[in-house]
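Trainee:
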Amino acid sequence: MEPLQIDDLPSAIRAAKRELRAQLPNYAEVFTEVEADIRQQAKRIMAERKHGVSSIPELDFADIRAQRVNQATLASIKERGACVIRRVFPREQAARWDAQIAEYVETNGLDRKLLHRAEDKYFGELQSSKPQIYGIYWSKPQVEARQSAALTEARVFLNRLWRAESDGVRHFDPDHVPVYADRIRRRPPGSESLGLSAHCDGGSVERWLETNFRQVYRHVYSGQWREYDAFDAAYRPDVREIASPAVCSMFRTFQGWTALTPQGPGDGTLQLIPIANAMAYVLLRALQDDVPEDDLCGALPGRALSIKPAWHAPLFDALVSIPPMQAGDTVFWHSDVIHAVEDRHHGAGYSNVMYIASVPSCAKNDAYLKRQLPSFLEGRSPPDFPADDFEIDFSGRAREDDLSPTGKSQLGFELERTGSIQV
101 MEPLQIDDLP SAIRAAKREL RAQLPNYAEV FTEVEADIRQ QAKRIMAERK HGVSSIPELD
161 FADIRAQRVN QATLASIKER GACVIRRVFP REQAARWDAQ IAEYVETNGL DRKLLHRAED
221 KYFGELQSSK PQIYGIYWSK PQVEARQSAA LTEARVFLNR LWRAESDGVR HFDPDHVPVY
281 ADRIRRRPPG SESLGLSAHC DGGSVERWLE TNFRQVYRHV YSGQWREYDA FDAAYRPDVR
341 EIASPAVCSM FRTFQGWTAL TPQGPGDGTL QLIPIANAMA YVLLRALQDD VPEDDLCGAL
401 PGRALSIKPA WHAPLFDALV SIPPMQAGDT VFWHSDVIHA VEDRHHGAGY SNVMYIASVP
461 SCAKNDAYLK RQLPSFLEGR SPPDFPADDF EIDFSGRARE DDLSPTGKSQ LGFELERTGS
521 IQV
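At position 221 of the sequence shown (counting the first as 1) the number is 321 in my numbering, and the numbers step up by one without a gap.
1) Quick one, which of 281, 150, 245 has its alpha-carbon nearest residue 481's?
2) By the 10 Å Cβ neighbour count, where 16 or more other Cβ atoms means buried, how is residue 475 classified, buried or exposed?
3) Any chance you could list the beta strand (DSSP E) runs of at least 3 consecutive residues sitting entirely within the segment 385-434, in chain order?
4) So which of 404, 197, 357 has the shortest CA-CA distance to residue 296?
5) Assign residue 472 to buried or exposed, taking buried as 16 or more other Cβ atoms, counted over all protein chains shown, within 10 Å of its Cβ.
6) Look at the Cβ atom of residue 317, then the Cβ atom of residue 283, and state whether they are nearer than 7 Å.
7) Do residue 458 and residue 259 have their CB atoms nearer than 7 Å?
8) Grab me the residues of residue 310's own chain with a C-beta within less than 7 Å of its C-beta, minus the 5 sequence neighbours each way, in chain order.
9) Taking 6 Å as the limit between beta carbons, can you name the residues of its chain near residue 343, skipping five residues before and five after?
10) According to DSSP, is residue 176 helix, strand or coil?
11) Assuming the contact rule is C-beta atoms closer than 8 Å, residue 429 and residue 359 should be a hit. Round their C-beta distance to whole Å, please.
12) Can you check whether the CB of residue 461 is closer than 7 Å to the CB of residue 278?
13) Going by DSSP in three states, residue 525 sits in which element: helix, strand or coil?
14) Can you find a CB in chain B that lies within less than 7 Å of the CB of residue 118?
15) Please list, in chain order, all residues of the same chain as residue 315 whose beta carbon is under 6 Å from its beta carbon, the five residues on each side excluded.
16) Using CA coordinates, which residue listed in 401, 265, 138 is at the minimum distance from residue 107?
17) DSSP three-state label for residue 509, please.
18) Have a look at residue 163 and residue 248 and give me their C-alpha separation to the nearest angstrom.
19) Tell me whether residue 159 sits in a helix, a strand or coil according to DSSP, three-state version.
20) Go ahead and label residue 190 buried or exposed: buried means 16 or more other beta carbons lie within 10 angstroms of its beta carbon, across all protein chains shown.
21) Tell me the DSSP secondary structure of residue 120 in three-state form.
22) For residue 489 and residue 479, what's the separation of their Cα atoms in angstroms?
23) In terms of DSSP beta bridges, what is residue 326 paired with?
24) Using the Cα positions of residue 120 and residue 329, report the straight-line distance between them to the nearest angstrom.
25) Could you check the C-alpha separation between residue 326 and residue 320 for me, to the nearest Å?
26) DSSP beta-bridge partners for residue 373?
27) Would the segment 491-510 and the segment 438-448 be scored as touching if the rule is three or more Cβ pairs under 8 Å?
28) Does residue 497 come out as helix, strand or coil in the three-state DSSP assignment?
29) Nearest to residue 424 by alpha carbon, out of 408, 367, 467, 410?
30) Take residue 502 as the anchor and find which of 241, 450, 196, 372 has the nearest alpha-carbon.
31) Using the Cβ count rule (16 or more neighbours within 10 Å means buried), how would you classify residue 337?
32) With distances taken from CA atoms, which of 394, 345, 165, 438 is nearest residue 252?
33) What do you get for residue 111, buried or exposed, if any count of 16 or more other CB atoms within 10 angstroms of its CB means buried?
34) Roughly how many whole angstroms lie between the Cα atoms of residue 345 and residue 452?
35) When you compare only the Cα positions, how much space is there between residue 238 and residue 209?
36) Should residue 465 and residue 350 be called a contact, given that it needs their Cβ atoms to be closer than 7 Å?
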């Protein structure tokens with residue numbers, strides 16, 4: 101699947117707006133309805149926050165394993181587009197991984213190498229600067245966590261929340277969980293201005309301009325926004341993104357991370373706007389008459405989709421920090437859920453995580469595995485990320501011998517054996 105290429109962005113935006121407004125002549129009226137719904141959801145979230153109630157659904161991994169997650173919890177996850185899964189790993193194991201990563205970083209002099217890292221401009225237009233994210237992907241703890249039975253089972257559970265088949269088309273296989281190798285965060289106490297402003301990943305201007313993205317949001321663009329289901333996978337594995345370092349070119353059902361240390365509100369941690377259908381508001385907001393004709397509320401190609409108070413004020417009433425986390429807990433948020441990172445870390449200890457998403461098997465993701473596997477074998481940065489390639493000569497890096505059969509399958513070794521991958 102070829103990346104999307106747009107040569108004249110202002111013209112493309114103007115043309116897209118003309119087409120979308122012609123398709124939805126009452127776009128202002130429909131937007132008013134959507135905005136009222138968003139305000140109502142935000143009001144409920146504000147009330148929860150006032151009463152000390154978490155707006156992020158929480159469940160225990162043991163309940164997933166025993167298949168006893170109740171329908172109310174499932175409905176809440178689909179409404180809020182996020183959840184915290186407790187005790188996926190024992191705290192002792194997560195703490196051990198944290199110590200091993202610290203040793204891996206120190207032994208290999210990563211802090212010195214970070215001075216010469218490739219420029220990553222993906223978050224350049226967001227108000228805050230980049231968080232303490234380290235461009236390492238192949239440490240043994242990361243590989244062990246990704247291929248673990250527990251996290252694999254948790255991600256299968258999350259994939260199954262989606263509608264994987266419709267109109268006779270199977271969009272993905274929820275029971276096979278490929279690896280999307282991502283980084284780690286090691287945030288020291290007392291750090292300031294290391295957060296990220298509110299944004300979405302996985303597409304910016306493409307959501308208005310690209311054919312399959314428009315089909316993902318077909319109910320929104322037709323005015324039948326109440327029919328829009330954020331968990332309907334139709335067309336999502338077929339979207340095309342604009343090629344850019346740090347733009348995810350896999351289809352993720354959920355983004356996520358695993359806590360390696362205790363952390364919570366005020367510790368420079370994750371914030372969410374837990375409204376699963378908020379993208380309907382964002383898409384229609386850009387079509388309103390107060391937005392310049394060649395602008396999509398500040399969206400830029402090859403960057404995160406920024407969500408700004410100037411354009412999207414009602415959403416910010418629903419911005420909440422995730423609840424306190426212990427080492428071994430995980431948090432996941434739908435790939436369209438708006439998220440941010442607190443600017444300041446007021447806590448006493450490190451706030452460390454491994455970024456590990458939930459990814460299903462589909463043709464789009466198989467194509468990425470073919471490009472990613474050589475990165476693992478050679479210790480290079482994966483294709484979606486800046487080409488720092490720090491780990492090529494790192495001692496203690498995970499190798500093929502460190503992979504379980506599950507780990508090999510998740511990295512696409514079976515595709516290599518059939519001749520689909522050149523390594």
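Don't be surprised by glycine CBs; every beta carbon is placed ideally from N, CA and C.
Mentor: Put simply:
1) One-based indexing of the sequence shown puts residue 481 at position 381. The option with the nearest alpha carbon to residue 481 is 281.
2) Translated into the one-based positions of the sequence shown, residue 475 becomes position 375. Under a 10 Å Cβ-count criterion, residue 475 is classified as buried, with 16 or more other Cβ atoms of the shown protein chains found around its own Cβ.
3) Qualifying beta strand (DSSP E) stretches, in chain order: 430-434.
4) One-based indexing of the sequence shown puts residue 296 at position 196. The shortest Cα separation from residue 296 among 404, 197, 357 belongs to 404.
5) As a first step, residue 472 is located in the sequence shown; it is residue number 372 there, counting from the start. Of the residues assessed, residue 472 falls on the buried side of the cut-off, its CB having 16 or more other CB atoms within 10 angstroms.
6) Locating residue 317 in the sequence shown gives position 217, counting from the first residue. Locating residue 283 in the sequence shown gives position 183, counting from the first residue. No, the pair does not count as a contact, with Cβ atoms beyond the cut-off.
7) For the purposes of this step, residue 458 is identified with residue 358 of the sequence shown, where counting begins at 1. For the purposes of this step, residue 259 is identified with residue 159 of the sequence shown, where counting begins at 1. Contact flag set, yes.
8) Residue 310 sits at position 210 when you count from the first residue of the sequence shown. So the qualifying residues of the chain are 104, 339, 340.
9) As a first step, residue 343 must be located in the sequence shown, where it is residue number 243. If you ignore the 5 residues before and after residue 343, its C-beta comes within less than 6 Å of the C-beta of 103, all in its own chain and listed in chain order.
10) Position 76 of the sequence shown, counted from the first residue, corresponds to residue 176. It is helical.
11) Within the sequence shown, the letter at position 329 stands for residue 429. Within the sequence shown, the letter at position 259 stands for residue 359. Indeed they touch by this definition, with Cβ atoms about 5 Å apart.
12) The sequence position of residue 278 within the sequence shown is 178, counting from 1. The sequence position of residue 461 within the sequence shown is 361, counting from 1. Their beta carbons are under 7 Å apart, which means residue 278 touches residue 461 by this criterion.
13) The requested residue 525 is not part of the displayed model; the chain covers only 101 to 523.
14) Checking the listed chains, one finds no chain B in this structure; it contains a single protein chain.
15) Here residue 315 corresponds to residue number 215 of the sequence shown, with the count starting at 1. Only 335 meet the Cβ criterion.
16) For the purposes of this step, residue 107 is taken as residue 7 along the sequence shown, with counting starting at 1. That would be 401, whose Cα lies nearest to the Cα of residue 107.
17) Within the sequence shown, numbered from 1, the residue matching residue 509 stands at position 409. Helix, per DSSP.
18) By 1-based counting over the sequence shown, the position of residue 163 is 63. By 1-based counting over the sequence shown, the position of residue 248 is 148. Their Cα atoms are separated by approximately 17 Å.
19) The residue labelled residue 159 in the question sits at position 59 within the sequence shown. Three-state DSSP puts residue 159 in a strand.
20) By 1-based counting over the sequence shown, the position of residue 190 is 90. That one is exposed.
21) Numbered from 1 along the sequence shown, position 20 holds the residue referred to as residue 120. The answer is helix: DSSP assigns residue 120 an H, G or I state.
22) For the purposes of this step, residue 489 is identified with residue 389 of the sequence shown, where counting begins at 1. For the purposes of this step, residue 479 is identified with residue 379 of the sequence shown, where counting begins at 1. Near 7 Å, if we compare the C-alpha coordinates of residue 479 and residue 489.
23) Your numbering for residue 326 matches position 226 in the sequence shown. BP columns for residue 326 are empty, so no partner.
24) Within the sequence shown, the letter at position 20 stands for residue 120. Within the sequence shown, the letter at position 229 stands for residue 329. Rounded to the nearest angstrom, the two C-alpha atoms are 20 Å apart.
25) On the sequence shown, position 226 is the one that residue 326 refers to. On the sequence shown, position 220 is the one that residue 320 refers to. Their Cα atoms are separated by approximately 8 Å.
26) For the purposes of this step, residue 373 is taken as the residue at position 273 of the sequence shown. DSSP, once it has assigned bridges, lists 438 as partnering residue 373.
27) No contact exists between the segment 491-510 and the segment 438-448.
28) Sequence index remark: in the sequence shown, residue 497 carries index 397 (1-based). Strand, per DSSP.
29) Taking the first residue of the sequence shown as position 1, residue 424 is located at position 324. Comparing Cα positions, the closest option is 367.
30) Numbered from its first residue, the sequence shown carries residue 502 at position 402. Relative to residue 502, the option among 241, 450, 196, 372 whose CA is nearest is 241.
31) Numbered from 1 along the sequence shown, position 237 holds the residue referred to as residue 337. Looking at its Cβ environment, which holds 16 or more other Cβ atoms inside 10 Å, residue 337 is buried.
32) Reading the sequence shown from its first residue, position 152 is the one you call residue 252. Looking at the Cα atoms, 165 is the closest of the given residues.
33) Counting from one through the sequence shown, the residue named residue 111 turns up at place 11. Counting of Cβ neighbours within 10 angstroms places residue 111 among the exposed residues, the total staying below 16.
34) Position 245 of the sequence shown, counting from 1, holds the residue named residue 345. Position 352 of the sequence shown, counting from 1, holds the residue named residue 452. Rounded to whole angstroms, the separation of the alpha carbons of residue 452 and residue 345 is 23 Å.
35) Position 138 of the sequence shown, counted from the first residue, corresponds to residue 238. Position 109 of the sequence shown, counted from the first residue, corresponds to residue 209. A direct Cα-Cα distance of roughly 15 Å separates residue 238 from residue 209.
36) The sequence position of residue 465 within the sequence shown is 365, counting from 1. The sequence position of residue 350 within the sequence shown is 250, counting from 1. In terms of Cβ geometry, residue 465 and residue 350 form a close pair [threshold 7 Å].
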